[in-house]
């Protein structure tokens, strides 16, 4: 039985890397006693795969994992049982049955929505919203990506699909939809670093980043993950 | 200050954690972390491990004490570890005092800061942590409002090098005596707090050593003349504490499950304490006596509880010599039955060479990439007899043959160099062993070698330790050790053999502090001022700083490392009683020099002195 489960990663665990998060879920599943399927071999692992890696330091209210279980508990039960054994900061939010034929979540993730807050401190402030708008309105936004082979310049403009800027009591808040997934991917940290350079900020203040959710490209549309699963099941029921 | 200090720390952490290596070291909030309201308890205890998170969290003693203390409703025990150098820099820049992982409170706000001393080379980290915590470094500088600095662990058995910095040393197993100290503290707090008064009363508890209440007198030649208490009613000799019945003693049902990878990331079950093998170089084998085993029933129950409370995928059986556990076959059988369906792997560290013949052990150890490690310790039978490591060449041959037949092609052999009476012959013996292992591989594989064999020869440098039969011997100098390593490097240039060695400078420093006296406190302080810390990490060891520290304090390190002590000398730790007598150690020392072995004392009592702790305890 295959299932997609949605979870949140809060500020208590935001510095946990993707690898560490995977291990934390492996152990939580063992604690839960849920009838999860294990791989073969010397070090059997629960069959769990994550839809998308979240950057270190980023919180999220919409992460997904794809898991295989023996028949038995329904998605609601599974979430409840996991919530009893998850560390503070991780919380299951819901789940849906997945047909065997449904593509892996990882392969269809296309975008993610983020809330990015610049917490201003001391003299380190963003003057006006127009400056931020100017950043996004450039025809090319050149970011410097540091890789194993050194630095590389890339244009990140095509990876930024939507943005909305406002001010609140802490500083500036940007809502943005960014390319995410195996084909095109923009790490929000790279975007804010580029913005820091553009605005000449980043001394006293710092960015707090939250991923609101993940979206998939499915049947020619950009959809919420669970909506895509519903659509698939719907189409299948109707024999399409 | 409490609320505000904590809030500032949390805010600042948000800003800096993205800029340091492995931020998960500083965030806490792991599964099974204990959460209490600090205001609701009578004692806030910071358990301090003077090394980074990954090392600290691998330590079983900490896990036991953490949950034991937290099970008490009047105590909240939190953890505090040494920040890595990058984090320390950020903390000092932001004036963030050293804080606990649980509540992020500065450690100066705690009632106790309790250090565990596992390794001499962590001493500068103890000082550094006190400094980062805004706590006066010297015991005599602390006032009524400062935390009590308490320390235990194996290095506390020679407490003298740290005597200036620690208020209370706890000698021996901490499960009972810690509560006696904490209860006394609660008493004293109720009846008008007076730090000196508390310390004086604590000094009368068995296993408690308050160094500032003892005067050390030195002879003209620099050796210790005597150590005497300054007050009546304080014991002249401090006797260690022992848990009599280990099977009834506390063992946690929970353990914190870290997020980041730690050194030993698994459940550890403690099978027994102590060891009766009597290897003469081994301090653990002497100071943790007597041997006390836990029952199979209790261990299986612990395993069951810990597997379900942690979700760990691996369980390891721990002790000084696991295969000496009397009912190991029964234990393994029951654990395997329990855990196979839960997909929990079993691992056995510290296997003796002569244990691999047993079928139940063969069943457990799986062929993994990491290879098998054996510890012959010395290259010839003569030297193995000197150190009383009772294994033979035949044991090694059999074990290695078994391993190759079972599919391993990676074998690691562990030796010590610089052992007492060692000659070139003994080093050639190491080389011969490596060659013989290669020959065995060839004969097992019968010419058909699918995978290349790898024999790793690893040598550490012998460090004489207090409370061992070798506490009187001279340690090899750095130059002598380097020469031995150079010779081995040359002779082990053989296809299929890899040679690893330890930094002799580090072994030398370890040797100085292991057998040091109270005057070394000045060197520690001076070295720390010159930036020495994390000395056990080869990329951090700052020998120039250490040499300058010795020079400026006028203390000659060789007085402690390479000076052979006369049998009659008063040793700096003679006022500590670990159970075994100096007389027993002396007898063993003399036998060692004659190359006479001593059989396992389970076979026949050797009058080591422990019987005085109570009947049937060894």
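Protein chains in written order, with my numbering: chain D, 96 to 335; chain Z, 60 to 677.
Every residue, glycine too, gets a C-beta built ideally from N, C-alpha and C.
Predicted, not measured: the structure shown is a model, and the values here were computed from it.
Give the residues of chain D in contact with residue i, contact being defined as C-beta atoms less than 9 Å apart.
| i | result |
| --- | --- |
| residue 88 of chain Z | 107, 108, 182, 183, 184 |
| residue 74 of chain Z | 214, 216, 299, 300, 301 |
| residue 367 of chain Z | 125, 126, 128 |
Cα-Cα, which of the options is closest to residue i?
| i | options | result |
| --- | --- | --- |
| residue 682 of chain Z | Z:156, Z:527, Z:264 | What is shown of chain Z runs 60 to 677, which leaves residue 682 of chain Z out entirely. |
| residue 309 of chain Z | Z:266, Z:561, Z:125 | Z:125 |
| residue 262 of chain Z | Z:281, Z:294, Z:476 | Z:294 |
| residue 252 of chain D | D:192, D:126, D:285, D:115 | D:285 |
| residue 481 of chain Z | Z:504, Z:510, Z:446 | Z:446 |
| residue 230 of chain Z | Z:267, Z:111, Z:203, Z:475 | Z:267 |
| residue 370 of chain Z | Z:398, Z:547, Z:114, Z:609 | Z:398 |
| residue 198 of chain D | D:312, D:287, D:244 | D:312 |
| residue 554 of chain Z | Z:578, Z:511, Z:588, Z:540 | Z:511 |
| residue 235 of chain D | D:290, D:264, D:142, D:118 | D:290 |
| residue 116 of chain D | D:127, D:136, D:131, D:143 | D:143 |
| residue 119 of chain D | Z:85, Z:451, Z:372 | Z:372 |
Give the straight-line distance between the Cα atoms of residue i and residue j, rounded to the nearest whole angstrom.
| i | j | result |
| --- | --- | --- |
| residue 183 of chain Z | residue 595 of chain Z | 10 Å |
| residue 95 of chain Z | residue 135 of chain Z | 7 Å |
| residue 215 of chain D | residue 301 of chain D | 7 Å |
| residue 520 of chain Z | residue 411 of chain Z | 21 Å |
| residue 183 of chain D | residue 103 of chain D | 11 Å |
| residue 646 of chain Z | residue 528 of chain Z | 8 Å |
| residue 161 of chain Z | residue 168 of chain Z | 14 Å |
| residue 530 of chain Z | residue 523 of chain Z | 6 Å |
| residue 130 of chain Z | residue 329 of chain Z | 20 Å |
| residue 471 of chain Z | residue 430 of chain Z | 7 Å |
| residue 242 of chain Z | residue 233 of chain Z | 14 Å |
| residue 323 of chain D | residue 163 of chain D | 19 Å |
| residue 97 of chain D | residue 174 of chain D | 14 Å |
| residue 350 of chain Z | residue 166 of chain D | 49 Å |
| residue 439 of chain Z | residue 448 of chain Z | 11 Å |
| residue 323 of chain Z | residue 226 of chain D | 50 Å |
| residue 615 of chain Z | residue 609 of chain Z | 7 Å |
| residue 314 of chain D | residue 318 of chain Z | 38 Å |
| residue 391 of chain Z | residue 453 of chain Z | 26 Å |
| residue 258 of chain D | residue 107 of chain D | 27 Å |
| residue 66 of chain Z | residue 314 of chain Z | 28 Å |
For residue i, I'd like the list of residues in its chain whose CB is within less than 6 Å of its CB, leaving aside the five on either flank, ordered along the chain.
| i | result |
| --- | --- |
| residue 145 of chain D | 160 |
| residue 631 of chain Z | 219, 283, 576 |
| residue 240 of chain D | 247, 249 |
| residue 316 of chain D | none |
| residue 354 of chain Z | 306 |
Once you ignore the five residues that flank residue i on each side, which residues in its own chain have a CB closer than 8 Å to its CB?
| i | result |
| --- | --- |
| residue 245 of chain Z | 101, 102, 133 |
| residue 668 of chain Z | 638, 639, 640, 642, 643 |
| residue 564 of chain Z | 537, 600, 602 |
| residue 148 of chain D | 113 |
So with CB distances below 8 Å, who are the chain Z contacts of residue i?
| i | result |
| --- | --- |
| residue 354 of chain D | Because residue 354 of chain D is not part of the residues shown, which for chain D are 96 to 335, the question remains open. |
| residue 152 of chain D | 76, 77, 82 |
| residue 103 of chain D | Those do not exist, as residue 103 of chain D stays about 15 Å from chain Z at its closest Cβ, beyond 8 Å. |
| residue 122 of chain D | 90, 316, 369, 370, 371, 372 |
Going along the chain, which residues of its own chain have a beta-carbon closer than 7 Å to the beta-carbon of residue i, five neighbours each way excluded?
| i | result |
| --- | --- |
| residue 605 of chain Z | 568, 586, 591 |
| residue 109 of chain Z | 141, 174, 181, 184, 185, 188 |
| residue 611 of chain Z | 585 |
| residue 283 of chain D | 150, 153, 209, 211, 273, 304 |
| residue 110 of chain D | 151, 152 |
Going along chain D, which residues have a C-beta under 7 Å from residue i?
| i | result |
| --- | --- |
| residue 590 of chain Z | Ordered by position in chain D, no residue passes the 7 Å Cβ test against residue 590 of chain Z, which lies about 28 Å from the chain. |
| residue 319 of chain Z | 115 |
| residue 162 of chain Z | Simply none; closest approach about 13 Å. |
Could you work out which residues of chain Z lie near residue i, taking near to mean beta carbons separated by less than 9 Å?
| i | result |
| --- | --- |
| residue 133 of chain D | 402 |
Residues of chain Z with CB under 7 Å from residue i, in chain order?
| i | result |
| --- | --- |
| residue 145 of chain D | What residue 145 of chain D touches in chain Z: nothing, since even the nearest Cβ is about 15 Å away. |
| residue 111 of chain D | 83, 318 |
| residue 119 of chain D | 318 |
Rounded to whole angstroms, how far is the Cβ of residue i from the Cβ of residue j, which I believe are closer than 8 Å?
| i | j | result |
| --- | --- | --- |
| residue 143 of chain Z | residue 80 of chain Z | 6 Å |
| residue 186 of chain D | residue 307 of chain D | Contact doesn't hold; Cβ gap of about 15 Å is too wide. |
| residue 177 of chain D | residue 123 of chain D | 6 Å |
| residue 620 of chain Z | residue 571 of chain Z | 5 Å |
| residue 316 of chain Z | residue 91 of chain Z | 6 Å |
| residue 171 of chain Z | residue 123 of chain Z | With 8 Å as the limit, residue 171 of chain Z and residue 123 of chain Z do not qualify as a contact, their Cβ atoms being about 17 Å apart. |
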